[in-house]
Structures are given as structure tokens and as C-alpha cells.
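For the working numbering, count along the sequence shown from 1 and bump the result up by 22.
Below is one structure, written out as C-alpha cells; the observations come after it.
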Amino acid sequence: MSGTTPTRRTVLATGGAVALAAGCSKYGDEGAEPEPPPETKSSAAPTSSGDGKSQKPPAADELAKTSDIPVGGGKIFKDEKVVVTQPEKGDFKGFSAVCTHSGCTVSEVTDGTINCACHGSKYRVADASVADGPAPRALPAQKITVTGNSITLG
């Protein structure tokens, strides 16, 4: 050590610069568009059993029963990053559950909107259009299939 002690001004300036750099690196560019959710890949082509006969592909895993989705509301499936809504009785829609503002997963569906708790964005259950910002655009549609009382992805 040289025996010189840093001044109070040097210590405060260095600490402020470190805090500023840490804060900027944590949040990045708020205007940047989040990565789109990964697409679910499914094979609709028949498979061969090795004996020359083709087999149907296995049925997709059920996401929910139609009775699980309230009329005028919806349900979020966090693992699949999808939200399923039922704006009117018997009309089911699927949307990405990833907020278009900063990539958070939406947190709830209440009072006719899909809500993101991160910054307060709200999307309409009927078409996922923005009801209240800061989201810049609607949630992308996700393909769902309703067969009887079963809802599956794809």
C-alpha cells in the first residue's frame, strides 16, 4: 500500500458509478422486443411401426377441460406459456402468455382482461388486443384444438 487514503469524494464517486453500472445492466433496453415464445412442435404425420403399417401419432396431452375455462375469462398455463380464454360460451381462444412489453408471463385473467403484473399491461380476452399499456401490441395467437370437452395445444 502506498499509505495514501482515498478521499470521501473518491469513495462516493466510485460507489455511485458502480451502482449506476449495475442498475443499467440489470434492466437493459426497456424498448427492446422480447423473444417470442418457442413454438410447440408436433408431428401430424403417421409413423411406421416397422411392419409396414402406419400408425396415427399419439394424441396431444390435454391442456384443460372446457369446463375449466370460465365464460368471459380464461386460464393461464405457465409451463406451456399459453393462456386459454372463453370470451363467449363455447368460443375458446389461445394466446401466448408472454407479455409483449418486457417478456414477463401474464399473471391473471380477471374482469375480461388478461393481466401482466410486471408493469400493468392488460389484454382483452376476446382477441388479446391491448386494453391498457405499456404493452406495444396484442398477445400472439396460439393454436388450440377443442375436441368434445378437451382442449389441447396445436
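Beta carbons: idealized from backbone N, C-alpha and C, even for Gly.
Quantities reported herein were computed from a predicted structural model and do not represent experimental measurements.
Item to check | For R146, three-class secondary structure by DSSP | outcome: Along the sequence shown, one-based indexing puts residue 146 at 124. Here R146 sits in strand by DSSP.
Item to check | Length at least 3, wholly inside the stretch 112–137: the beta strand (DSSP E) runs in chain order | outcome: Correct list: 113–118, 130–132, 135–137.
Checklist entry - Taking just the CA atoms, how far does V120 sit from K100? => result As a working mapping, residue 100 is identified with position 78 in the sequence shown. As a working mapping, residue 120 is identified with position 98 in the sequence shown. Computed Cα separation, rounded: 9 Å.
Checklist entry - What does Q164 pair with, by DSSP beta-bridge criteria? => result Position 142 of the sequence shown, counted from the first residue, corresponds to residue 164. Bridge partners of Q164: none, in fact.
Item to check | Proximity below 8 Å, CB of I136 to CB of A150 | outcome: Against the sequence shown, residue 136 aligns to sequence position 114. Against the sequence shown, residue 150 aligns to sequence position 128. A contact, by the Cβ cut-off of 8 Å.
Item to check | Residues that DSSP places opposite T29 in a beta bridge | outcome: Reading the sequence shown from its first residue, position 7 is the one you call residue 29. Looking at the DSSP assignment, T29 forms no beta bridge with any residue, so it has no partner.
Checklist entry - Apart from the five residues on each side of it in sequence, which residues of its chain come closer than 6 Å, Cβ to Cβ, to V93? => result Counted from its first residue, the sequence shown places residue 93 at position 71. Taken in chain order, the residues that qualify are Q108, K111.
Next on the checklist: With a threshold of 7 Å on Cβ separation, who are the neighbours of A153 within its own chain once the five nearest residues in sequence on each side are excluded?
Outcome noted: Taking the sequence shown and counting its residues from 1, the one referred to as residue 153 is at position 131. Around A153: T135, K144, Y145, R146.
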